[in-house]
Amino acid sequence: MTLAVDTSVLVAIALNEPERSVFIDRIQSATEPVVSAVSVLEAGIVLSVRLRGFATADLTSLIDGLGLTVRPFDKAQADLALAAYRRFGKGFDPRARLNLGDAIAYALAVREGLPLLFKGEDFAATDIRPA
1 MTLAVDTSVL VAIALNEPER SVFIDRIQSA TEPVVSAVSV LEAGIVLSVR LRGFATADLT
61 SLIDGLGLTV RPFDKAQADL ALAAYRRFGK GFDPRARLNL GDAIAYALAV REGLPLLFKG
121 EDFAATDIRP A
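Residue numbers for the sequence shown follow full-length UniProt numbering, beginning at 1 and rising by one.
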């Protein structure tokens, strides 16, 4: 089985959060785990703020070490992400409250027909299949 990975998972792994080993096991046991290029950017921004010495090379090492395939973000995903945001985004759905990055991960998972690996409860109020 393969899966899509949300930014929250990359951040949890890099910050050594309690779910780290579970997330690593799930990703490394997948046949072809994928992540959006925009999620990689978002993770890089978050980690640059939280870990002042965090460099692009550290993010590349994390992605490569996990065996993630980075998927480009295109117009079809933009359309799916916008539709997801209008259904489940902050200001639209008080239960889900997806942010922009969440909508992008959602779009990748939907477009490729994959379950999504994520941390937190935001996606639980959507129709996404959790990994």
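Cβ coordinates follow ideal geometry from the N, Cα and C atoms, glycine included.
Start-to-end residues for the beta strand (DSSP E) that takes in residue i
{"i": "residue 71", "result": "69-71"}
Through-space distance from residue j to residue i, alpha-carbon basis
{"i": "residue 109", "j": "residue 6", "result": "9 Å"}
{"i": "residue 46", "j": "residue 59", "result": "11 Å"}
{"i": "residue 107", "j": "residue 66", "result": "21 Å"}
{"i": "residue 3", "j": "residue 92", "result": "27 Å"}
{"i": "residue 34", "j": "residue 86", "result": "24 Å"}
{"i": "residue 18", "j": "residue 24", "result": "11 Å"}
{"i": "residue 8", "j": "residue 113", "result": "20 Å"}
For residue i, three-class secondary structure by DSSP
{"i": "residue 113", "result": "coil"}
{"i": "residue 91", "result": "coil"}
{"i": "residue 96", "result": "coil"}
{"i": "residue 30", "result": "coil"}
{"i": "residue 131", "result": "coil"}
Own chain partners of residue i with C-beta closer than 6 Å, once the 5 adjacent residues on each side are dropped
{"i": "residue 38", "result": "73, 104"}
{"i": "residue 26", "result": "117"}
Contacting residues, own chain, Cβ-Cβ under 8 Å from residue i (five flanking each side not counted)
{"i": "residue 31", "result": "1, 2"}
{"i": "residue 15", "result": "47, 50, 51"}
Spatially closest choice to residue i from the options, by CA coordinates
{"i": "residue 122", "options": "113, 112, 94, 111", "result": "94"}
{"i": "residue 71", "options": "23, 124, 111", "result": "111"}
{"i": "residue 41", "options": "98, 102, 128, 130", "result": "102"}
{"i": "residue 20", "options": "79, 98, 62, 124", "result": "62"}
Delimiting residues of the alpha helix (DSSP H) encompassing residue i
{"i": "residue 7", "result": "7-14"}
{"i": "residue 64", "result": "56-66"}
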